[in-house]
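First up is the structure itself, then whatever we jot down about it.
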Amino acid sequence: MEPALNRFFDTLPSKPHATDDFNDGVYRQSKSRAVTCRYIQPNRNGTIHYLAFDIDHDDAYWAYDNALLPPPTIITLNRDNGRGHLLYELAAAVTVCDEYPKPKAYADAIRVAYSRKLAADTSYTGFTTKNPLAKHWRVKTNHGAVYSLTELAEHVVLPRVTRRQSTDIAYLGRNCELFERCRAWAYRAFNRSKSQSHFDAGVFEFCTQYNAVNFAANPLPEREVRSVARSVAKWVWRKFSPAQFSDIQRARTLRGAEKRRNQTEQRIRDAIAEFRNCGKPVMQRAIARHLGLHHDTMRRYRGLFQ
């Protein structure tokens, strides 16, 4: 087993939450059984060993490269559509507790900033991830890619309003915070649901994960989590139609893709101008190395070199 995967195995909980299908629920299992499942809990309760990101577009492998971010420790990809999860291993695990809130707040700010640059799913909690130890996925590792929070933060501008935004919701209580976070997630998840029962199960799974990750020191009882999930699922399912969500999602996807294309194109144009001003030959490979872009990305902009 590769070093990065060995470390992933070693830091797993003794009884991780795991599943092969979220419709069947997510349950604690023995470590030996959990590592064979498609989805697994990467972090122990009360600690953060990995920052996880859900890339919901088909170029997940190059998402970090296109965003000018450091390489993830582990990339776990869907073989069929190229979507996947990126895991950044922390050199020192972050403890989640009320006595020392600053390290978690720092990690949360980094997570938000990376999610934005990666165009990742901002509602993804990271409670479970595509299991890189399972044979179902395509897995790439960078065994030397282990980072401190400071090293990760060097590549992004941290959001200044993160703590205030969290407080604006959190002061209402854990139930209200869970409801608001779940509601935002449910809007996006609605159109991916095959049926109402599938949607209900997904909403409950999100609430369970959010409760475990964000209220680790004092989690809500399961009956309250289930009550919040039921309320959100019922309201969203009745209020919106698949057609509405499809139109909204399509518009968001197109805007995001266009923004990424424009940003990359401008970077390439600036690099070409820089090379010409310095009297350097303008070659695609040289520009790619200069910008840290993959050759597949450069092919999409070959018209700029004509």
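For the sequence shown, numbering that gives the first Met the number 0 gives the first residue as 0, with consecutive numbering after it.
By construction, the Cβ of each residue, glycine as well, lies at the ideal position given by its N, Cα and C atoms.
What are the start and end residues of each continuous beta strand (DSSP E) run of 3 or more residues lying completely inside the region 79-146, in chain order?
83-94, 137-140
Assign L50 to one of three DSSP states: helix, strand, or coil.
On the sequence shown, position 51 is the one that residue 50 refers to. Correct three-state label for L50: strand.
Straight-line CA distance for R163 to T46?
Numbered from its first residue, the sequence shown carries residue 163 at position 164. Numbered from its first residue, the sequence shown carries residue 46 at position 47. Any reading at R163 is ruled out, since the residue's pLDDT is 43, under 50, leaving its predicted position unreliable.
Can we say the region 203-220 touches the region 41-61, given the rule of at least three CB pairs closer than 8 Å?
yes
Relative to the C-alpha of Y63, which candidate in F304, I39, A112 has its C-alpha closest?
Working through the sequence shown from its first residue, we reach residue 63 at position 64. With distances taken between Cα atoms, Y63 lies closest to A112.
Rounded to a whole number of angstroms, what is the C-alpha to C-alpha distance between R298 and E98?
To locate residue 298, count along the sequence shown from 1; it is residue 299. To locate residue 98, count along the sequence shown from 1; it is residue 99. Those two C-alpha atoms are separated by around 51 Å.
Among the candidates G291, Y300, V34, whose CA atom is the shortest distance from the CA of A66?
The residue labelled residue 66 in the question sits at position 67 within the sequence shown. Measuring from the Cα of A66, the nearest candidate turns out to be G291.
Does the ligand FMN have a heavy atom nearer than 8 Å to the CB of C277?
In the structure shown, the ligand FMN is absent, as is every other ligand, since no ligand is present at all.
Rounded separation between A144 and D53 - CA only:
Against the sequence shown, residue 144 aligns to sequence position 145. Against the sequence shown, residue 53 aligns to sequence position 54. Cα-Cα distance, rounded: 18 Å.
By how many angstroms is the C-alpha of G278 removed from the C-alpha of T121?
Numbered from 1 along the sequence shown, position 122 holds the residue referred to as residue 121. Numbered from 1 along the sequence shown, position 279 holds the residue referred to as residue 278. Going from the Cα of T121 to the Cα of G278 covers about 43 Å.
Would you kindly work out how many angstroms separate the C-alpha atoms of V25 and S31, rounded to a whole number?
Translated into the one-based positions of the sequence shown, residue 25 becomes position 26. Translated into the one-based positions of the sequence shown, residue 31 becomes position 32. Spanning the two alpha carbons is a distance of roughly 16 Å.
Taking the DSSP output, what are the residues bridged to T18?
To locate residue 18, count along the sequence shown from 1; it is residue 19. Its beta-bridge partners are Y38.
Measuring alpha carbon to alpha carbon, tell me which of N77, I109, R110 ends up nearest K134.
For the purposes of this step, residue 134 is taken as residue 135 along the sequence shown, with counting starting at 1. Selected option, being the one with the closest Cα: N77.
Output the distance between the C-alpha atoms of D20 and S230, rounded to the nearest integer angstrom.
Within the sequence shown, the letter at position 21 stands for residue 20. Within the sequence shown, the letter at position 231 stands for residue 230. Cα-Cα distance, rounded: 23 Å.
Can you pull the DSSP bridge partners for Y26?
Mapped onto the sequence shown, residue 26 falls at position 27. According to DSSP, Y26 bridges with A17.
What do you reckon, are the CB atoms on L68 and H154 nearer than 9 Å?
For this step, residue 68 is matched to residue 69 along the sequence shown. For this step, residue 154 is matched to residue 155 along the sequence shown. Contact: yes.
Between T75 and the rest of its own chain, which residues show a CB-CB distance below 6 Å, the 5 nearest in sequence each way excluded?
Your numbering for residue 75 matches position 76 in the sequence shown. Only G83, H84, K129, P131, W136, V138 meet the Cβ criterion.
Using the Cβ count rule (16 or more neighbours within 10 Å means buried), how would you classify P220?
Sequence index remark: in the sequence shown, residue 220 carries index 221 (1-based). With fewer than 16 other Cβ atoms within 10 Å, it is exposed.
Counting only the same chain and skipping the five closest in sequence on each side, list residues whose C-beta sits under 8 Å from that of D295.
As a position in the sequence shown, residue 295 is number 296, starting the count at 1. Excluding residues within five positions, the ones whose Cβ falls inside 8 Å are W61.
By the 10 Å Cβ neighbour count, where 16 or more other Cβ atoms means buried, how is W234 classified, buried or exposed?
One-based indexing of the sequence shown puts residue 234 at position 235. So W234 ends up on the exposed side.
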